[in-house]
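Offset between the sequence shown (1-based) and my numbering: plus 306.
Heads up, the beta-carbon is just placed ideally off N, CA and C, and yes, glycines get one too.
Here the structure is a predicted model, which means the values were calculated and not measured.
Let me begin by presenting the structure, written as structure tokens, before commenting on it.
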Amino acid sequence: MEGKRCRGQNRLLSLLSRRFSGAAAVGAAPSLLGGGARVREKGSALLSAQLGAFNPFLCRLVGVTGASQSWLPAGPGRREIPGQRRKPGSVRRRVGICKQEMAQKKKNAVLVDGVILNGPITDSKAGEKFVEEAFKVIMKEVIQKADDVTQKVCEWRAPETLKQILDLEMRDTGESHQELLQLCQDVIQYSVKTSHPRFFNQLYAGIDYYSLVARFITEALNPSVYTYEVSPVFLLVEEVVIKKMIEFIGWEEGDGIFNPGGSVSNMYAMNLARYKFCPEIKEKGLSSLPKLVLFTSEESHYSMKKAAAFLGIGTENVYFIKTDERGKMIPEELEKQVQRARKEGSAPFLVCATAGTTVLGAFDPLDKIADICEKHGLWFHVDASWGGSALISRKHCRLLHGIHRADSVAWNPHKMLLAGIQCCALLVKDNSGLLKKCYSAKAAYLFQQDKFYDVSYDTGDKSIQCSRRPDAFKFWLMWKALGTTGLEERVNRALALARYLVEEIKKREGFQLLLEPEYANVCFWYIPPSLRQMEDGPEFWQKLHQSLQYAQKKCGRKEWPEGFGTATS
């Protein structure tokens, strides 16, 4: 039986070798198939790989590039198709059919530099199968385990260890779909599960299934949101979402754009404020400017400092205003610093308040800050990346009282509302086209004014990006599914959970609440038993920091470090 199988393989190899003997048809085929004995020694699997290297059509027939089935007879490196019995002569007939198909392909082939231009690039059936199998992995290992508290938040490994575990090397030849699926599982296993109920490390967590489906759709469609002709649906979606967000801020009209992160939104706002203050900067550059200064609180996000450096304003020209014991900007200190800057000959142009600071969750007094901005003619930006979602809650929107007086607002639905990273908008009160005037480059090949539709829908020119993801779609589909009421409940629940945690902290020995929270941020210290009798002082705080660092190193273990109690204490 084994002899018949080998003879069948030899006949097939011989047929294929003769069939592809013409260099004009397949380019490198003679060098690949020349020396039949050498090829036969390595088995038909090698032949498949070699043929697939220069002929995608044959690649599809033979079943490489991850295809789960093959018409080649079983032998070294091959396997029978499960559940299928080979009939006598079936291989010979199939080869005859393939010869006819390939002859027709050869006749109609368009060759340039040895490349068949009108042949399939990849095996679409194999690709579809891989996507199907990968989705099963995602469903089982990510989605179905998203709220499983028995799973670890992270299988923590040191960088050098993780490099050894994962196969990170990229090679000249591709790998099998089975290997790729295993890699996908490894990536999931060793990644941080941000949807885990005990993931508390950042200002985002959890998973919204509607947003997730929206991401699947946009990844599959692979759109870019700049002109209506290439992204009609997503441009309309972004327009309606921005309009709705503007309503919650309290503006009658406005403009906006979705950006890759709140940091970018803050940079947009800073540059927009500078352009409003000195429009000639767009053509003449920084040389035409006086010494510009801006103001933000000590508790503001570090992106303000980065934006100042990136835009050439300079980090020394960012005035950090003192905050009170709750982390709120002190308006009187802002007034002093604005007056000081003017006396020194600087040109104040922007104040950035924060609605929901990163650490304490503080909300700056927006109304009082707006008064100062109006008095001195300063652009008023509110970084509400974290706290903006409170606007949707009738109970908690009071935290942002006065935000309607802002000139611009940064708001990240991917945080509190779980819209999925990244989903961030910059919203602008001006509706005269200031965004477009500031950022437009008028690319004639893309933004023609004589198109067959209303070109006002070509919004890409008011973005610093060309290729841009349809991030608003995630928020839109989620909003459609939950309604405004559902989003409001999500905000209210998050803040109720924070209040519940505060009360639990107060009951437990060794936990020390830093301050009563204003938002969802709950700040507290955990004092290990070994330090609870020490007096407050530099030595106490040094040892406390050391003990917490030790606990972090041990966080991947089931056993808690000595002196830290149990996981439920």
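**OP:** Compute the Euclidean distance between the alpha carbons of H702 and N798, then round it to the nearest angstrom.
**Re:** 8 Å
Original post:
Exposed or buried, A614, counting other C-beta atoms within 10 Å across all chains shown (16 or more means buried)?
Top reply: buried
Subject >> Whole-Å CB distance - R711 paired with F686, under 8 Å assumed >> reply: 7 Å
**OP:** Using alpha carbons as the reference points, say which of D689, F616 and H720 lies closest to H607.
**Re:** D689
Subject >> At least three beta-carbon pairs within less than 8 Å, the region 671 to 686 to the region 633 to 651 >> reply: yes
**OP:** For the beta strand (DSSP E) holding A653, just list the boundary residues, first then last.
**Re:** A653 to T660
Subject >> Inter-residue spacing [alpha-carbon to alpha-carbon] between P834 and T500 >> reply: 27 Å
Subject >> In chain order, each alpha helix (DSSP H) run of at least 4 residues that lies wholly inside the region 513 to 584 >> reply: 515 to 527, 538 to 555 and 568 to 583
Original post:
Could you give the residue range of the beta strand (DSSP E) that holds A731?
Top reply: C730 to V734
Original post:
For the putative contact between F540 and L600, defined by C-beta atoms under 8 Å, what is the C-beta separation to the nearest angstrom?
Top reply: In fact, because the Cβ distance is near 33 Å, the residues do not count as touching under 8 Å.
**OP:** Could you name the residues of the same chain whose beta carbon sits closer than 6 Å to that of T602, not counting the 5 residues immediately before and after it, in chain order?
**Re:** M610 and C658
Original post:
Relative to the alpha-carbon of F564, which residue among L803, W831 and C772 has its alpha-carbon at the smallest distance?
Top reply: C772
Original post:
Taking the C-alpha atoms as reference points, what is the distance between L793 and S699?
Top reply: 8 Å
**OP:** Spell out a yes or no on whether the region 743 to 762 and the region 493 to 508 are touching, meaning 3 or more CB-CB pairs, one atom from each, closer than 8 Å.
**Re:** no
Original post:
So A696 is in the alpha helix (DSSP H); what residue range does that whole segment cover?
Top reply: Per DSSP, A696 belongs to no alpha helix (DSSP H) and is neither H nor E.
Subject >> Opening and closing residue of the alpha helix (DSSP H) in which V624 lies >> reply: Here V624 belongs to no alpha helix (DSSP H); instead the beta strand (DSSP E) covers V624 to I627.
Original post:
Among the residues of its own chain, which have a CB less than 6 Å from the CB of Y763, if the five just before and after it don't count?
Top reply: Y534 and L541
Subject >> Pick from I444, Y515 and E485 that is closest to S497, judged by C-alpha positions >> reply: I444
**OP:** Give the range of the alpha helix (DSSP H) segment to which Q645 is assigned.
**Re:** P637 to K649
**OP:** For D561, collect the residues of the same chain with a Cβ closer than 6 Å to its Cβ; drop the 5 residues on either side in sequence, then sort them by chain order.
**Re:** V734, N737 and L741
Original post:
Which residues in the same chain have their Cβ closer than 6 Å to the Cβ of F522, if we skip the five residues on either side of it in sequence?
Top reply: none
Original post:
Taking all protein chains shown into account, do 16 or more other C-beta atoms lie within 10 angstroms of the C-beta of L466, making it buried, or fewer, making it exposed?
Top reply: This sequence places Glu at residue 466; Leu is not what is there. Answer is exposed; the Cβ neighbour count stays below 16.
**OP:** Determine the direct distance from the alpha carbon of S853 to that of S769, and round the result to whole angstroms.
**Re:** 47 Å
Subject >> Local conformation of E822 per DSSP, three classes >> reply: coil
Original post:
In angstroms, rounded to a whole number, what distance separates the CA positions of G726 and S517?
Top reply: 6 Å
**OP:** Return the bridge partner residues of W685 from the DSSP annotation.
**Re:** L656
**OP:** Output the distance between the C-alpha atoms of E262 and N414, rounded to the nearest integer angstrom.
**Re:** Residue 262 cannot be examined here, being either before or after the span of the chain that is shown, 307 to 875.
Subject >> Residue environment, V418, which counts as buried when at least 16 other CB atoms sit within 10 Å >> reply: exposed
Original post:
Any idea what DSSP makes of F817, helix, strand or coil?
Top reply: strand
Subject >> With 16 other Cβ atoms within 10 Å as the buried cut-off, status of K348 >> reply: Confidence at K348 is low in this model, with a pLDDT of 39, below 50, so its placement is unreliable and no value can be given for it.
Subject >> Coil, strand or helix - A511 by DSSP >> reply: coil
**OP:** Say whether the region 800 to 809 touches the region 821 to 829, bearing in mind that this needs 3 or more beta-carbon pairs closer than 8 Å, one atom from each stretch.
**Re:** yes
Original post:
Using the rule of at least 16 other Cβ atoms within 10 Å of the residue's Cβ for burial, across every protein chain shown, is K590 buried or exposed?
Top reply: exposed
Original post:
Cα separation between D669 and G694?
Top reply: It is Phe, not Asp, that sits at residue 669 in the sequence shown. So the alpha carbons of these two residues sit roughly 10 Å apart.
**OP:** Pick helix, strand or coil for T500, following the three-state DSSP scheme.
**Re:** coil
Original post:
DSSP state of F758, grouped into three classes?
Top reply: coil
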